[in-house]
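The structure appears right after this line, and notes come after that.
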Amino acid sequence: MAGTTGTRTESARRGKDRRPDCIRCQPAARQAGRGGAGRERRGGAREAGLALRQTELCGCEPLAETARTAMAAGSAPGWALGVLGVVYLFLKLDFISCSQEIYGAMNGNVTFYVSKFHPSTEIIWKKEKNKVVEWDIQSGLEAFQSFKDRVYLDIGSGNLTITRLTKSDEGLYELESPGVRNKSEFHLKVIAPPPSPSTFCSLSDDGNITLTCEIMEAGYDIDGNLLQYSWECPPTVQCHRGLSPSEAYVLKKSDLSQNVQCIVSNPLFRTSASISLSTCVPEDNTRHRYVLFAILPAVICGLLFLKCFLGRHSQ
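Mind the numbering: the sequence shown is residues 1255 to 1569 in our numbering, read in order.
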């Protein structure tokens, strides 16, 4: 009897110890319940499942079971309230941020524009955790490493400008300052203008023409993800995309006296080259053969007449 009483006392004590955790988990259980009616809808089910998982991790099995029941029997208004609550939560979280993709021209300038910046007493810009420039109200401005004499910091807006860009400037830049609530991150990609492409053509057995556009300049840093090919054809030329973007097909019934243009571009630059379709088709010698056959008899007759005429004069 004493053993039984001791066991119950121990169980009661453990229950009391776990009660604060369960109380803390009640909002999560309620959140799971609100997402119940949206189980068929992907967004509501995901958020309700996350809240239910949080309830289980807290060790509140009764509340977790209650949440499952609410999820199964929830109503549409409950689902809507749950989604609105999640959206509000994400809007209030300060640590959520996305880095912006910024393109800068080789040897050119680029500026990182900061949104929702409030004037502050300290501004630090970093590249891959290394300081680029630092300013505070007491010490003033200091640029670091290869960025000396190449950066301009607007202390009123927090914007950073880098001049004379090189390939080594590529990377992730981050602003640290009490003047920004959210993280300001920028991923810089430095690109050069593509050289003029070279165009080639070949004639297939069925008489159609295959066009190819390539960058032949040695040493050019080709980024396949940024470089794009396109073709511009006159209305009288029937063009079709080939097996790759750098290829195009021209039907044989097209107007082969026209030119077709290949365009190579990246996010900042565009260059082009044209090719004359007439150079892709071998010259038709049939007409020349007919002319030759017509002239040859006349030439022979002329030679015979000349021979006879000279023979009479010699006699």
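Even for Gly, the Cβ is constructed at its ideal location relative to N, Cα and C.
Fair warning: this is a prediction, and the values are worked out from it, not measured in the lab.
Beta-carbon proximity of residue i to residue j, cut-off 8 Å
{"i": "I1529", "j": "T1464", "result": "no"}
{"i": "L1429", "j": "V1387", "result": "no"}
{"i": "L1426", "j": "E1382", "result": "yes"}
{"i": "V1434", "j": "F1366", "result": "no"}
{"i": "S1508", "j": "T1533", "result": "no"}
{"i": "S1353", "j": "E1439", "result": "yes"}
{"i": "S1431", "j": "E1396", "result": "no"}
Residue environment, residue i, which counts as buried when at least 16 other CB atoms sit within 10 Å
{"i": "P1521", "result": "exposed"}
{"i": "Y1555", "result": "Note on residue identity: the sequence assigns Cys, not Tyr, to residue 1555. Answer is exposed; the Cβ neighbour count stays below 16."}
{"i": "T1259", "result": "Bear in mind that the predicted position of T1259 carries a pLDDT of just 44, short of 50, making it unreliable; the figure below should be weighed with that in mind. By the neighbour-count rule (16 or more Cβ atoms within 10 Å), T1259 is not buried but exposed."}
{"i": "I1391", "result": "exposed"}
{"i": "A1291", "result": "For A1291, the predicted model reports a pLDDT of 42, less than 50, meaning its position is unreliable and no value from the coordinates is stated."}
{"i": "A1502", "result": "buried"}
{"i": "P1451", "result": "buried"}
{"i": "S1422", "result": "exposed"}
{"i": "L1531", "result": "buried"}
{"i": "A1305", "result": "Residue placement at A1305 cannot be trusted, given a pLDDT of 44 that sits under 50; what the coordinates show is reported in the next sentence. Counting Cβ neighbours within 10 Å, A1305 comes out buried, since at least 16 surround it."}
{"i": "V1514", "result": "buried"}
Nearest neighbour of residue i, chosen from the options [CA to CA]
{"i": "S1498", "options": "L1505, P1489, Q1512, Q1482", "result": "Q1482"}
{"i": "P1447", "options": "G1412, I1391, N1361", "result": "N1361"}
{"i": "S1374", "options": "G1412, S1508, L1480", "result": "G1412"}
{"i": "Q1492", "options": "I1517, D1390, S1532, L1510", "result": "L1510"}
{"i": "P1488", "options": "D1477, C1516, L1480, C1467", "result": "C1516"}
{"i": "E1471", "options": "P1449, D1459, D1460", "result": "P1449"}
{"i": "L1364", "options": "F1401, L1395, G1394, V1514", "result": "Here residue 1364 turns out to be Val, not Leu, going by the sequence shown. Ranking F1401, L1395, G1394, V1514 by Cα distance to V1364 puts F1401 first."}
{"i": "S1393", "options": "I1378, V1535, S1526, H1494", "result": "I1378"}
{"i": "E1468", "options": "K1507, S1526, S1438, Y1357", "result": "S1526"}
{"i": "R1524", "options": "V1535, S1484, T1490", "result": "S1484"}
{"i": "L1505", "options": "N1462, S1438, T1533", "result": "N1462"}
{"i": "V1368", "options": "E1396, I1409, N1479", "result": "I1409"}
{"i": "C1455", "options": "A1552, P1536, K1385, L1557", "result": "P1536"}
Beta-carbon separation (whole angstroms), residue i vs residue j, contact threshold 8 Å
{"i": "A1359", "j": "L1442", "result": "Wrong, their Cβ atoms sit about 11 Å apart, outside the cutoff."}
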